[in-house]
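Residue numbers (our numbering), protein chains in the order written: chain A, 34 to 145; chain B, 34 to 145; chain C, 34 to 145; chain D, 20 to 476; chain E, 20 to 476; chain F, 20 to 476.
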Amino acid sequence: MKYVIAIIKPFKLDDVREALMGLGVQGLTVSEVKGFGRQKGQTEIYRGAEYSVSFLPKVKIELAVVDELVERAVETIQRTANTGRIGDGKVFVLDVAQAVRIRTGEAGDAAL
Amino acid sequence: MKYVIAIIKPFKLDDVREALMGLGVQGLTVSEVKGFGRQKGQTEIYRGAEYSVSFLPKVKIELAVVDELVERAVETIQRTANTGRIGDGKVFVLDVAQAVRIRTGEAGDAAL
Amino acid sequence: MKYVIAIIKPFKLDDVREALMGLGVQGLTVSEVKGFGRQKGQTEIYRGAEYSVSFLPKVKIELAVVDELVERAVETIQRTANTGRIGDGKVFVLDVAQAVRIRTGEAGDAAL
Amino acid sequence: MKHFGSAGGRAWGTALAAIGTLVASAGVALAQTAPAAAPAAPPAPKFDSGDTAWMLASTALVLLMTVPGLALYYGGMVRKMNVLATVMQSFAITCLVTVLWTVVGYSIAFTDGSGSTQPFIGDFSRVMLSGMGLNSVNSLASTIPESVYMTYQMTFAIITPALICGSIVDRMKFSALMWFIGLWSILVYSPIAHVVWDGNGYLAKLGVLDFAGGTVVHINSGVAGLVAALYLGKRKGYGTQPFHPHNLVFSLIGASLLWVGWFGFNAGSAVGANANAGMAMAVTQIATAMAGLAWMFTEWMVKGKPSVLGIISGAVAGLVGITPASGFVDPEGALVIGIACGVLCYFSATTLKNLLGYDDSLDAFGVHAVGGAIGALLTGVFARAAIGSGGKGTAGGLEGNWGQVLLQLEGIVGVAVFCAIGTLIILKVVDVVIGLRVDEEVERDGLDLALHGETVP
Amino acid sequence: MKHFGSAGGRAWGTALAAIGTLVASAGVALAQTAPAAAPAAPPAPKFDSGDTAWMLASTALVLLMTVPGLALYYGGMVRKMNVLATVMQSFAITCLVTVLWTVVGYSIAFTDGSGSTQPFIGDFSRVMLSGMGLNSVNSLASTIPESVYMTYQMTFAIITPALICGSIVDRMKFSALMWFIGLWSILVYSPIAHVVWDGNGYLAKLGVLDFAGGTVVHINSGVAGLVAALYLGKRKGYGTQPFHPHNLVFSLIGASLLWVGWFGFNAGSAVGANANAGMAMAVTQIATAMAGLAWMFTEWMVKGKPSVLGIISGAVAGLVGITPASGFVDPEGALVIGIACGVLCYFSATTLKNLLGYDDSLDAFGVHAVGGAIGALLTGVFARAAIGSGGKGTAGGLEGNWGQVLLQLEGIVGVAVFCAIGTLIILKVVDVVIGLRVDEEVERDGLDLALHGETVP
Amino acid sequence: MKHFGSAGGRAWGTALAAIGTLVASAGVALAQTAPAAAPAAPPAPKFDSGDTAWMLASTALVLLMTVPGLALYYGGMVRKMNVLATVMQSFAITCLVTVLWTVVGYSIAFTDGSGSTQPFIGDFSRVMLSGMGLNSVNSLASTIPESVYMTYQMTFAIITPALICGSIVDRMKFSALMWFIGLWSILVYSPIAHVVWDGNGYLAKLGVLDFAGGTVVHINSGVAGLVAALYLGKRKGYGTQPFHPHNLVFSLIGASLLWVGWFGFNAGSAVGANANAGMAMAVTQIATAMAGLAWMFTEWMVKGKPSVLGIISGAVAGLVGITPASGFVDPEGALVIGIACGVLCYFSATTLKNLLGYDDSLDAFGVHAVGGAIGALLTGVFARAAIGSGGKGTAGGLEGNWGQVLLQLEGIVGVAVFCAIGTLIILKVVDVVIGLRVDEEVERDGLDLALHGETVP
Ligand SMILES: Nc1ncnc2c1ncn2[C@@H]1O[C@H](COP(=O)(O)OP(=O)(O)O)[C@@H](O)[C@H]1O
Ligand SMILES: Nc1ncnc2c1ncn2[C@@H]1O[C@H](COP(=O)(O)OP(=O)(O)O)[C@@H](O)[C@H]1O
Ligand SMILES: Nc1ncnc2c1ncn2[C@@H]1O[C@H](COP(=O)(O)OP(=O)(O)O)[C@@H](O)[C@H]1O
């Protein structure tokens, strides 16, 4: 099982979620994050002070997927979240040592 | 050392934290996330528009634990956060390559 | 490639970001989290009720870095975020199995 | 002391009977609707435009107290998942009571009535406000149009039940609340308003002093709140889980608007733009500020920190305490009332509540009933003949008339007992018919989404 | 019926010509500035201090409706990324229209005018408010200083275009909005205010009843909103993505302040502190509450839950509906108007909008135009001779004068058509010159940061 | 020019001596408490109910400016961790100053005084408001009860020190603030109010025009703010870290309530519901809107974007600027004052502040002192004899009386210098006794939790 972490543009969330569902993904977890990268933010001005916004709003998606699905999941995210513009984000894949479903105590792939 | 990521129902946070403390866990980090899964959300209605709430509020707990504790930590979380109802959440365990305590620079298990 | 997760005090964020940039890090992702640990919070009082604030505001930084940089990145974070006071936080390093840049589809180190 | 003897007991018994009559005859009255013919227009009365201007403005100010004032004051104090449900209560009650007051509430409270029920309720001559035309006048407000007085009093009828919500937030069904408040407004509020304020009212005739509603509004709502809190029981997790107030900035806005609006409440109760109104405004401001400081410093000493929630609670306690007194006392009396309310309400909302263990969630009882009672009693102490009624007022204890304090006590006890019984009966009926409390899961996950299908960020 | 024949048509044609004249002559007038000499001061008029007090207070109340009232009502309903852009619109329009009204708007709307344009626009004698001194009086408000009446009417001129924004949020350029509103205020609002309210106005002379602005303010803004929404097209993602309202607590504050401020709007339209004002306040309160309940219960039945957004929308619908009627109907009429507006606006803002598929984002049309039209028509039905004009008012349908309903219909149609044409022309011009809509990316990522360089947390 | 010679210097020296006397004798006076006997009631004066109605309403409006207006205006601009501490300051100052004004402040400011101190302070005859009964009248407000005038002036005494907080947020101890403001209110505010507004006041006698407080309120608070900002030093991280305003929606609500409430401030300063009040309201509205636009367009040109913070800052600058002028100028003067304040305050709060490098955190100086000075000077230019004092007013420069501009300058300088010295002394004393600034760690992690034990979400 792998743990996929994707940082994407916020307005792409619903598309990505639906595309993953289409793939058979049953669950995922989402959080609001701020991203710093090549994409440069705009400037916020407050009276005398100007701040260049170095952090841009992004959405982080985390999902554990069974090994067979990982490749397609990553590819699906990459394709769906893509706008071709700088700042589209990244996908990282990590190994999972164990997984448990809290409701039932099921472990391993059955936990998903 | 392992990195335990648990997605639980928000109102269980305090119980879980206390149970983990009882186990000897010294620290953990918490964030508010939105979860998508088998549990279906309610419908929000705004004048003409209805949105089925596909994302439900969840809490994510992250904690690094020494190898000896992992099993018990996972089991404790599973037991404490359990309500038996759909949407109780998941626990994932990942490998940690290294850990450092910022205050002292201590590394490895001593960092926790 | 490694995935570095650092929990730091919020007011250190800008320093850490700049120090990492100086090292050649191109991107990172930040989220607001609440930390529980040795550092004890203050007490909040609402009329008759007193709550000891067990969770303190922290900032979580996540960044994927190429293997060559990991050590220096961790060390830089540790040094910059350090105040010498309890509650300074932790750095954890995890292995990354794969990374993809959404905009281009580039994989591996080129994704960063 | 005689008022506490059998005569007093009998009188309050009659009150309950009067309410019975009310319930019975209301149906009839509503069926016939009102005696449609507006009385042959009398010669147009000469209204005072200045008095009318102030009462129009006061009406707006008192409405501002409930929406958005009270909505925000309460809404900011509950947990995030119940914020919308809480502000919804104030807003919906504003709508509901407006309609009920139009249909029957005003008629019960502010018409003369007749016979043995006269000391307790009015009659049905103003059902649907029939007969209230451009030229009509209520005898309690002779220099302004009746339409203004009716609307002004309506805003009091609105805020009183809305205050009760402070005791029952986080756990009462919205549907049950609507029934409870609707019945309470007609069966408890209107009669008590009649008893205390109408010229024929039982307590008014006794000489109980209540300028702007210490008994009618605050003791009444606070006692009803306590009864409801006890009936409903505690919120799940009360005392064990942290109940973090969502956003005290909202509460501070609410408290501020309560303060500003209270000028309409107290100075408006002079029913004119005159020196009585001016003095009522002055003492309101002084007592409120003093009570805010008193609560703040008490908390600072006891707990080590002065909090936003503390100072605004203190200010509200001061506003409550000066309410019955505002037309009768001078600035020095106001300072004392302020200190008393700030300090004592602090302890009643913290120590006392914790001691007795009931979950009066946002302290409708601890602040409104306790503050109202303190204010009503101290009115009896500090009333000055030179201040009340344009200078021909009742003297209080300090001017030698200690009997007034006993009278005030009778007012407090009478209203509290009547209110407690009425509230309990209504709660029981609603509970049996549709149930009062939300499901455990709804309570745990928040009322906003479950009851109203909405959330705040 | 004759008003719908050719005479009526010609009249409205003249109206457009009058506006042409206006545009042409405005330049000239502004160039010459105003006939500087203030008329030799006539003997100081004796103002009524009570009436003046109430109109000063009313002016403050109506300003409160737009800032912060409307700003919050709308701001709370849009997505988080557009909150500041939305509140900015109300605030900037307040500033812009104040200046334009000073420069020329008041003069167009509330001076006598002359010749064939007189039924449609005034003249330029009050450009830059020249000649408005301490002693001057507007004939529509004889007991108060003209400065008060001018400022009071200014607040109406402010809120009307601000209401339009409900239809165009989330997608219109701020610069384009400034131009659009500026032109609209002068070329559409001022003439319509003259037509309906000035003694020489075309609709005023016909006998169309509009106490406080059902046509001038609500139908006008609502129709302009619809035209703008259709012209701009839908927001990206409308109907497919969830558009989560940022924070309905803000909307509830806004709705509450609209309610409170509306007392100044409706009761203030009596231009004095008298029984007419009192009755207007009473019926405003009653219709609003009734409409809030009506929308809430309708939604509860249809959708299963009573929502905060629902009850506040209903209350606003009731405020809109009672606006034209408030000086003419009694409490029973108010209850009917309230129910009608609550129920029908619910369906117009939900079912009807979804059916027809336009993106009237925050329902400026669905609530204001529809509610305004319902209110204007029902004014014709429920107007009572004993209520209007200090007791010497126009009778409505229920008192036998059904012709009034047709008159009201002419008022509605006349204003709607004129407004629609004027709005369309202005939009087209601004679109051609600077473009109306923001870039797709700006719309997607939010207007706050892109247009104003700021964000909310 | 003579007023700047030695006579003027001596006069201001006496002022400081008068304050010395004040400090000394206050203790005595308070010990004796007040001459308890209320003067044998004179025949009841005939108050004007319309004037009284407007002044009651105005008092409510001015209170609304501070709570919640100013609290929100400032609270929305600071970082999230200091929001509650900031709103707490406004609320606590409201309470504190109310009590101090009751005890001694009103007496110092608005009684006649005697002897050589008369031009600078009053006497102690109204300590504890003794002698203020239903029939008493203040000679500055002859048509309304003294209780109303006292409370009205109290709201000015409240907002002035609350404005200072804009300069010192994020770093001053709450306890130190209470001491500082308490002393400042008695020793700086009350004397200056006497000097400028009391019939016997030094500047009043000279003929300095300040209708509603350009010097007393705005220059006074702005200068005090600057002195405090300089004394305290910059906030940690100022200029290097981003200080993100918590929520500008709160600031916009605050600015809007300031605007609405300012009608009570300026039009209320006519102390009656008359044509002067009407004109003051009109010019207030016009100057505010013009300044809002002026700041917005300046920022738009300079920085490329019109911001919410910009337009609301401009509006506040306009309100400040028109304050001294509001009873004296006509709409054209108002437009010029609006433009001047909008543009110049923009540069003073941005360019000038950055240039000089002080950390006047929320620009109490840059907006209030600068705007107040601009307004005070331009009052001298644009005052029209036909507008002031019911038509018998002072002419300004444009009507030939350029000497008035110099007089105004003397007023500005006199107030600024006196205020600066007084403020500095008080700060020094409080600093030595209990220390002014919070610990570095508290400043870094936020005042909300450390000082008040509360947080916002
Ligand atoms: N090394 C990294 N580790 C973690 N997150 C990253 C990293 N680099 C970029 N990100 C995240 O991806 C987002 C997009 O990256 P950016 O460099 O702006 O554009 P792109 O993905 O097109 O190269 C960033 O805002 C940040 O949230
Ligand atoms: N594959 C997954 N990866 C990450 N998080 C998941 C995954 N599946 C579920 N979750 C998280 O767990 C929560 C509960 O899952 P759900 O399927 O609703 O119920 P259950 O845990 O009872 O099977 C989800 O809301 C989501 O936050
Ligand atoms: N085992 C852990 N796993 C994850 N996060 C931790 C762990 N221990 C501590 N933290 C995080 O680090 C923060 C600081 O830890 P704390 O024990 O208070 O101080 P220190 O880092 O100085 O030892 C905590 O608030 C928490 O967010």
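Every residue gets a Cβ at the ideal spot worked out from N, C-alpha and C, and that includes glycine.
Query	Result
Using a C-beta cutoff of 9 Å, does PRO264(F) count as contacting chain C?	no
Going by the C-beta, is ILE38(C) closer than 8 Å to any heavy atom of ligand 2?	no
So which residues touch the region around ligand 2, with touch meaning a C-beta under 7 Å from any heavy atom?	VAL58(A), GLN59(A), GLY60(A), LEU61(A), THR62(A), GLU95(A), LEU96(A), ALA97(A), VAL98(A), ARG134(A), ILE135(A), ARG136(A), LEU145(A), ILE40(B), VAL66(B), GLY68(B), PHE69(B), GLY70(B), ARG71(B), GLN72(B), LEU89(B), LYS91(B), ILE119(B), GLY120(B), ASP121(B), GLY122(B), LYS123(B)
Just to check my reading of the structure: ALA292(F) and LEU446(F) have Cβ atoms closer than 8 Å, yes? What is that Cβ distance to the nearest angstrom?	Contact doesn't hold; Cβ gap of about 41 Å is too wide.
Within the same chain, show all residues whose beta-carbon is closer than 6 Å to that of ILE112(D), passing over the 5 residues directly before and after it, in chain order.	PRO180, ALA181, ILE200
Within 9 Å of any Cβ in chain A, is that where the Cβ of GLU473(E) sits?	yes
Does DSSP classify SER161(E) as helix, strand or coil?	coil
Pick out the complete alpha helix (DSSP H) segments inside the segment 51–128 of chain D, 4 residues or longer, and give them in chain order.	68–83, 90–94, 102–119
Would you kindly work out how many angstroms separate the C-alpha atoms of LEU396(F) and ALA106(C), rounded to a whole number?	60 Å
Could you pull the DSSP bridge partners for ASP128(A) from this structure?	LYS35(A)
Between VAL339(F), ALA294(F), VAL188(F), which has its C-alpha nearest PHE262(F)'s C-alpha?	VAL188(F)
For ALA57(F), which residues in the same chain have their Cβ closer than 6 Å to its Cβ, ignoring the five residues on either side in sequence?	Model confidence at ALA57(F) stands at a pLDDT of 44, short of 50, so the residue's coordinates are unreliable and nothing is read from them.
For the segment 294–321 of chain E, which residues have a CB atom closer than 8 Å to at least one CB atom of chain D, in sequence order?	ALA294, ASN295, ALA296, GLY297, MET298, MET300, ALA301, GLN304, ILE305, THR307, ALA308, MET309, GLY311, LEU312, MET315
Can you find at least 3 beta carbon pairs, one from the segment 76–93 of chain D and one from the segment 104–123 of chain D, that sit closer than 8 Å?	yes
Against chain E, which members of the segment 400–418 of chain F pass a CB distance test of less than 8 Å?	ALA405, ILE406, GLY409, GLY410
Taking 9 Å as the threshold (C-beta atoms), are VAL207(F) and CYS438(F) in contact?	yes
What is the rounded straight-line gap between the Cα of MET100(D) and the Cα of ASP100(B)?	38 Å
Is any beta-carbon of chain C found at less than 9 Å from that of ALA248(D)?	no
In the DSSP assignment, find the alpha helix (DSSP H) that holds LEU277(E) and state where it starts and stops.	267–285
Which of helix, strand or coil does DSSP assign to THR76(C)?	strand
In whole angstroms, what is the alpha-carbon distance linking ILE486(E) and GLY394(E)?	Nothing about residue 486(E) can be reported from this structure: the residues present for chain E run from 20 to 476 only.
Give me the chain B residues within the contact set of ASN373(E), using Cβ-Cβ distance strictly less than 9 Å, ordered along the chain.	GLY81, ALA82
In the segment 110–142 of chain B, which residues sit with their C-beta less than 8 Å from some C-beta in chain A, listed in chain order?	ILE110, GLN111, ALA114, ASN115, THR116, GLY117, ARG118, ILE119, GLY120, ASP121, GLY122, LYS123, VAL124, PHE125, VAL126, LEU127, ASP128
Going by alpha carbons, who is nearest to VAL236(D) out of LEU80(D), GLY407(D), LEU338(D)?	LEU338(D)
Quick test of the definition: if touching needs 3 or more C-beta pairs under 8 Å, does the segment 319–335 of chain F touch the segment 71–84 of chain A?	yes
Starting from SER332(F), trace the alpha helix (DSSP H) in both directions and tell me its first and last residue.	327–341
Quick one: is GLU77(C) near chain D, going by C-beta distance under 9 Å?	yes
Is LEU83(F) close to chain C, meaning its C-beta is less than 9 Å from at least one C-beta of that chain?	no
Only counting the same chain, and skipping five residues up and downstream in sequence, which positions put a Cβ closer than 7 Å to that of MET96(E)?	PRO264, SER270, LEU381
For ILE178(E) versus VAL118(D), is the C-beta distance shorter than 9 Å?	no
For ALA176(E) versus ALA231(E), is the C-beta distance shorter than 9 Å?	no
Kindly examine ligand 1 and report whether one of its heavy atoms sits closer than 8 Å to the Cβ of PHE125(A).	yes
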